[in-house]
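**Q** Please read through the structure below; I'll follow up with questions.
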Amino acid sequence: MAFTNCSSVAHLETSSKHSIITSSFSFSPRLSSSSFSSSSINRKLSIPPNLLKIDRTAAVRPQAAAVNAVAVAFTEFKHLLLPITDRNPYLSEGTRQAAATTAALAKKYGADITVVVIDEKLKESLPEHDTQLSSIRWHLSEGGFQEFKLLERLGEGSKPTAIIGEIADDMNLDLVIMSMEAIHSKHVDANLLAEFIPCPVILLPL
12 MAFTNCSSVA
22 HLETSSKHSI
32 ITSSFSFSPR
42 LSSSSFSSSS
52 INRKLSIPPN
62 LLKIDRTAAV
72 RPQAAAVNAV
82 AVAFTEFKHL
92 LLPITDRNPY
102 LSEGTRQAAA
112 TTAALAKKYG
122 ADITVVVIDE
132 KLKESLPEHD
142 TQLSSIRWHL
152 SEGGFQEFKL
162 LERLGEGSKP
172 TAIIGEIADD
182 MNLDLVIMSM
192 EAIHSKHVDA
202 NLLAEFIPCP
212 VILLPL
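Heads up, the sequence shown is in this note's numbering, so the first residue is 12 and it goes up one at a time.
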């Protein structure tokens, strides 16, 4: 039986030095199965047959403890963060969805909610700011939450992503919930989320 052109990589470990040797073997169409044997491999690599061992490890198995830690982190949310970056006094569709999701998750896990309103402008430059705060309270109350912590980070000149990460880190928050609307509107830089935010983030599709 003839082989087509291909290459195979074998991982060889010598027990004397505990080292891994990687070698490639090429087969030509004229090479038959009978002419390819382990002895020819050994002669080519000059490795004694008694020291030849094939490494059959396909992948590194994740540590069970690390897997369990991740599983626990995703089932024990005790403090949630709802960032609001849009200026709609009655909240945009994406923000309303994020507020409803935050309330539902907080109710399920018995968690606390912190809301942070972020805007590059100062409060004096936002005539409908108080209306927006009332809208936030109304939507969370609809989800069963009359009490929550409210933060305002206005006119600081910092990127919203950095502010969210700072709050999440300082308050040791467990989860951040945002709408993809914040990404699409360029209020939040998706590329910086992993860099600045130290906890899991849920981005809700529109």
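Yeah, the Cβ is synthetic: ideal placement off N, Cα and C, and Gly gets one too.
Expressed to the nearest angstrom, what Euclidean distance is found between the alpha-carbon atoms of residue 193 and residue 178?
**A** If you take the alpha carbons of residue 193 and residue 178, they lie about 17 Å apart.
**Q** Please report the distance separating the alpha-carbon of residue 101 from that of residue 149.
**A** Going by the C-alpha atoms only, they are around 10 Å apart.
**Q** Keeping to the same chain, check which residues put their C-beta closer than 7 Å to that of residue 108; ignore five residues upstream and five downstream.
**A** Excluding residues within five positions, the ones whose Cβ falls inside 7 Å are 190, 215.
**Q** Going by DSSP in three states, residue 123 sits in which element: helix, strand or coil?
**A** In this structure, residue 123 counts as strand in the three-state DSSP scheme.
**Q** For the structure I just gave you, are there three or more beta carbon pairs, one from the stretch 196 to 207 and one from the stretch 157 to 165, closer than 8 Å?
**A** Not touching, per the Cβ criterion.
**Q** Going by DSSP, what residue range makes up the alpha helix (DSSP H) through residue 203?
**A** From DSSP, the alpha helix (DSSP H) with residue 203 extends over 201 to 207.
**Q** Please report the straight-line C-alpha distance between residue 163 and residue 203, rounded to a whole angstrom.
**A** Looking at the two C-alpha atoms, the distance is approximately 21 Å.
**Q** For the alpha helix (DSSP H) that contains residue 171, what are its first and last residues?
**A** Looking at the DSSP string, the run of the alpha helix (DSSP H) that includes residue 171 is 171 to 181.
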